[in-house]
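Colleague: Below is one structure. I have some questions about it.
Residue numbers (this note's numbering), protein chains in the order written: chain A, 8 to 412; chain B, 3 to 172.
Now the structure itself:
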């Protein structure tokens, strides 16, 4: 090897010095082999069946219906997503739909006694194991919130509803949910209910990480109100590095209860916590991103990729004094190592867009479902999944209020 | 578990990480690298008995891996171009120098043709002989030598490479 070759070899070795922990195992290889064999066998059977159906169809002048999952999607795009729509009588209806065709493949129900029709948030791990928050209602009061899990089969059917160990959240005002890629941990950002319907204390917001195998919980909270105390409200969460990091977006709040921000500046921060540390203060998290500015240009959501390298943020800008919804919505990705930023989706609304209802990543944090279908709002609706700068509309369009995969 | 299955499991245990590193240098993406190694192993497994008897398992798996990557490369070229910013993302916890090295190596390899890239990775990173690389790529050893020479000529004038070598030698 000459000098140039040796130096290049050394660089190649340095570049791959620290591979991630996700090892290829014998079990995974066997499963893949089994899937290939099953797919081949099923493919052959289907080919014969399809030939028969087409022949019969041609004879009868009929075409065969498309399969539930429909045409092939780009690599990595989940084949099914959960959708919540507001139906007649103000009742929510939650179903699984095929991403490509919009075909309903299953209805999702809450096993909780006295369950409300509202089921949200919902999130999935890489094995198509979905987690959802169900609410119990007595009269007009939410009395309990509990996390359940269910499995979605390769044909989009829903199987095996199970309550998550440690997933009883009690009465809450709001919940955000994140699932580690392997489903071993879930995190919720919650505001516990104080019983008051008029005064919600946003600074009670906390993040709870639940070990789904043992039910053990680790909790991160705000410190008590005091001069100089760093406290956050409006928490949003996502996992990175195989569940070893938990990243949250929070808005600095300086008021006694967080109902009014009262800080000198609009200050939003994205910080990383280590779930292994067992809990503590939210302010102990390492700052990944900080935006100081104005409420008219705010970060509405922030999601970290599963490997922790990329932060995806949704920013909304509002025209000061306007009653309309946001005038722009931008989804950008920031490479945390280099701070390089790239816009992956941008929307303008001359009369204002509808407000962002949900922005949900898949388990990898690389594919996003976005919904601006806030009902009862004027402005341009938009919803779908982001594909190379375009929004691929879901079918049917403009009927749902929440989507997750 | 049979002896054959034992041998396959031992091979994965021993070589998985090295294969994944090679796969990253080919794909620029740890997730794709994992998929590539897993696919290559799944394709090799049914023939494991014959491979152990008649062939070198390491060479065989790498051959399957490079061929699979070539197929993916053709299919995914367009998507990869559009996904440029995401490809080869540095992993969490990387220190700045490591990230810089990784980004430069990614850019350098991207400047090579598919065959040049495979030769550089197999010959220089995996330290395989010209004959072994030729067996993996299905060509003559002379072609490997010539391809490596062309690849090095293309990289030699690259200012990024010169800069990185200089920084690392300080």
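Each residue gets a CB set at the ideal place from its N, CA and C atoms; glycine is no exception.
#1: Closest to residue 296 of chain A by CA distance: which of A:303, A:309 and A:238 is it?
#2: In three-state DSSP terms, what is residue 162 of chain B?
#3: Determine contact between the segment 276-283 of chain A and the segment 250-261 of chain A, defined as no fewer than three beta-carbon pairs at a distance below 8 Å.
#4: Ordered along the chain, which non-local residues of its own chain (more than five positions away) have a Cβ less than 7 Å from that of residue 159 of chain A?
#5: Run through the DSSP bridge pairs and tell me what residue 400 of chain A is partnered with.
#6: Given residue 298 of chain A, which residues of its chain have a CB within under 7 Å of its CB, disregarding the five upstream and five downstream residues?
#7: Taking C-beta to C-beta, are residue 317 of chain A and residue 338 of chain A nearer than 8 Å?
#8: Where do the N-terminal and C-terminal ends of the alpha helix (DSSP H) with residue 46 of chain B fall, by residue?
#9: In three-state terms, what does DSSP make of residue 67 of chain B?
#10: Which bits of chain B does residue 18 of chain A rub up against, with CB to CB less than 7 Å?
#11: Given that a residue counts as buried once 16 or more other Cβ atoms are within 10 Å of its Cβ, and exposed if not, what is residue 22 of chain A?
#12: Determine contact between the segment 162-176 of chain A and the segment 344-358 of chain A, defined as no fewer than three beta-carbon pairs at a distance below 8 Å.
#13: Let's test the definition: count the other Cβ atoms within 10 Å of the Cβ of residue 161 of chain A and tell me whether it reaches 16, buried, or not, exposed.
#14: Where in the segment 167-220 of chain A do unbroken runs of the beta strand (DSSP E), each at least 3 residues long, occur, reported from the N-terminal end onward?
#15: Looking only at its chain, what residues have a beta carbon closer than 7 Å to the beta carbon of residue 301 of chain A, apart from the 5 residues adjacent to it on each side?
#16: Would residue 177 of chain A and residue 199 of chain A be called neighbours here (beta carbons separated by less than 8 Å)?
#17: Can you give the Cα-Cα distance for residue 119 of chain A and residue 153 of chain A, rounded to whole angstroms?
#18: Going by the DSSP bridge assignment, what does residue 99 of chain A pair with across the sheet?
#19: Check whether the segment 124-141 of chain B and the segment 38-55 of chain B are in contact - that is, three or more C-beta pairs closer than 8 Å.
#20: Taking Cβ to Cβ, would you say residue 119 of chain B is nearer than 8 Å to residue 146 of chain B?
#21: Restricting to runs no shorter than 3 residues, where is the beta strand (DSSP E) found entirely within the segment 256-296 of chain A?
#22: Taking buried to mean at least 16 other C-beta atoms within 10 Å of its own C-beta, is residue 90 of chain A buried or exposed?
#23: Using a Cβ-Cβ distance cut-off of 8 Å, determine whether residue 36 of chain A contacts chain B.
#24: Looking only at DSSP bridge pairs, what is residue 5 of chain A linked to?
#25: CB-CB under 8 Å to residue 94 of chain A, same chain, minus the five flanking residues each way: which ones, in chain order?
#26: If I measure Cβ to Cβ from residue 97 of chain B and keep anything under 7 Å in the same chain, skipping five residues before and after, which residues do I get?
#27: Since residue 134 of chain A sits in a beta bridge, which residues does DSSP pair it with?
#28: So which residues of chain B does residue 185 of chain A contact, with C-beta pairs closer than 7 Å?
#29: Looking at chain B, is there any beta carbon in it that lies within less than 8 Å of the beta carbon of residue 21 of chain A?
#30: Excluding sequence positions up to five away, which residues of its chain have a Cβ less than 7 Å from the Cβ of residue 13 of chain B?
#31: With a CB to CB cut of under 6 Å and the five nearest residues on each side skipped, what residues in its chain are close to residue 321 of chain A?
#32: Which residue comes first and which comes last in the beta strand (DSSP E) that contains residue 224 of chain A?
#33: When DSSP labels each residue in this structure, what does residue 325 of chain A get in the three-state scheme?
#34: How would you call residue 25 of chain B, buried or exposed, if buried means at least 16 neighbouring beta carbons within 10 angstroms?
#35: At a CB-CB cut-off below 8 Å, which residues of chain B make contact with residue 14 of chain A?
#36: How long is the line joining the alpha carbons of residue 33 of chain B and residue 31 of chain A, rounded to whole angstroms?
Modeller: Quick look at the numbers:
#1: A:309
#2: helix
#3: yes
#4: 87, 103, 135, 137 and 165
#5: A:391
#6: 275 and 306
#7: no
#8: 32-46
#9: helix
#10: 103, 107 and 166
#11: buried
#12: no
#13: exposed
#14: 179-186, 192-199 and 213-218
#15: 273
#16: yes
#17: 8 Å
#18: A:93
#19: no
#20: no
#21: 273-280 and 286-288
#22: buried
#23: yes
#24: A query on residue 5 of chain A cannot be resolved here, the shown segment of chain A reaching from 8 to 412 and no further.
#25: 100
#26: With a pLDDT of 48 at residue 97 of chain B, under the threshold of 50, the modelled position of this residue cannot be trusted; read the value that follows with caution. No residues qualify anywhere along the chain.
#27: Note: residue 134 of chain A sits in no beta bridge, so no partner.
#28: The premise fails here: residue 185 of chain A is roughly 16 Å from chain B at the closest Cβ pair, so nothing lies under 7 Å.
#29: yes
#30: 59
#31: 307, 308, 338 and 366
#32: 224-228
#33: coil
#34: buried
#35: 167
#36: 11 Å
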